[in-house]
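*Asks:*
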Amino acid sequence: MEKLRQSFLKARRWVKRNARPLEAARWEYTFENGTKERVLEILAAYQNEDGGFGHGIEPDFWLSASSPMASWAAARILLEVKAGPDLPMVQALADYLCRTQQPTGTWPAVLPDNNAFPHAPWWHWKPGVESGGCSIPVWNLRLISSIGQDQEAVPLNTAGRRWALH
């Protein structure tokens with residue numbers, strides 16, 4: 387038990403010393419009775435006017451514009467802190483996801499604009515590579531469904547929707 391406690395304290399020190407404010411707030415929420423409001427306050431700085439998220443919320447790429455992948459990262463955090471469906475931030479994100487979903491029911495994993503910002507090699511956009519898009523519906527659909535969006539507003543095939551929601 388002492389080894390576990392020491393490992394926890396070591397991790398806590400690392401987070402306090404090195405984490406971005408968002409990750410520090412998530413740590414505090416999860417382990418130190420931090421508040422959901424603090425996480426949401428910091429998360430709001432990553433949201434764009436179109437409802438999507440960017441600004442390096444996904445640390446491997448720093449695209450300031452909204453992207454489906456960055457918005458997926460935000461959706462994970464919103465679900466983590468159990469953000470309510472009536473929250474304007476959640477509503478705006480759901481609208482963004484509905485607007486940017488491709489006819490295949492997926493979203494593009496990487497956008498061409500990503501290349502103009504610092505990014506890990508796996509986030510480099512190349513023409514033709516993203517032909518099918520990526521399926522990131524697990525978090526996005528759970529978020530959209532928790533808001534009660536119309537099924538017609540989220541044009542996903544039934545199998546993909548069932549997989550994402552169960």
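Its first residue numbered 387, the sequence shown is counted upward by one per residue in the numbering used here. Ideal Cβ positions, reconstructed from N, Cα and C, are used throughout, including at glycine.
If we ignore side chains and look at the alpha-carbon of each, how far apart do Ile-463 and Asp-446 end up?
*Replies:* So the two alpha carbons sit approximately 17 angstroms from each other.
*Asks:* Based on Cα-Cα distance, which residue from Gly-514, Gly-442, Leu-426, Gly-437 lies nearest to Arg-412?
*Replies:* Taking only the C-alpha atoms, the option nearest Arg-412 is Leu-426.
*Asks:* Closer than 6 angstroms by C-beta to His-441: which residues in its own chain qualify, once you throw out the five before and the five after it? Chain order, please.
*Replies:* The answer, listed in chain order, is Tyr-432, Ser-450.
*Asks:* Check whether the stretch 452–461 and the stretch 486–498 are in contact - that is, three or more C-beta pairs closer than 8 angstroms.
*Replies:* Result yes; three or more Cβ-Cβ pairs closer than 8 angstroms.
*Asks:* Would you mind sorting Phe-417 into buried or exposed? The rule is 16 or more other CB atoms within 10 Å of its CB.
*Replies:* Result: exposed.
*Asks:* Indicate the three-state DSSP secondary structure (helix, strand or coil) for Trp-511 in the structure shown.
*Replies:* It is coil, neither helix nor strand.
*Asks:* Apart from the five residues on each side of it in sequence, which residues of its chain come closer than 6 angstroms, Cβ to Cβ, to Leu-408?
*Replies:* Excluding sequence neighbours, Leu-408 sits near Ile-428.
*Asks:* Could you check what DSSP says for Phe-439 in three-state terms: helix, strand or coil?
*Replies:* In the structure shown, Phe-439 sits in a strand (DSSP, three-state: E or B).
*Asks:* To the nearest angstrom, how far is it from the Cα of Arg-406 to the Cα of Ile-443?
*Replies:* Cα to Cα, the separation comes out at about 10 angstroms.
*Asks:* May I ask you to report which of helix, strand or coil DSSP gives Ser-517?
*Replies:* Per-residue confidence for Ser-517 stands at a pLDDT of 47, beneath the threshold of 50, marking its modelled position as unreliable; the derived number appears in the next sentence. Here Ser-517 sits in coil by DSSP.
*Asks:* By the 10 Å Cβ neighbour count, where 16 or more other Cβ atoms means buried, how is Leu-497 classified, buried or exposed?
*Replies:* So Leu-497 counts as buried.
*Asks:* Which class does Trp-493 belong to by DSSP, given the choice of helix, strand or coil?
*Replies:* Trp-493 falls in the strand class under three-state DSSP.
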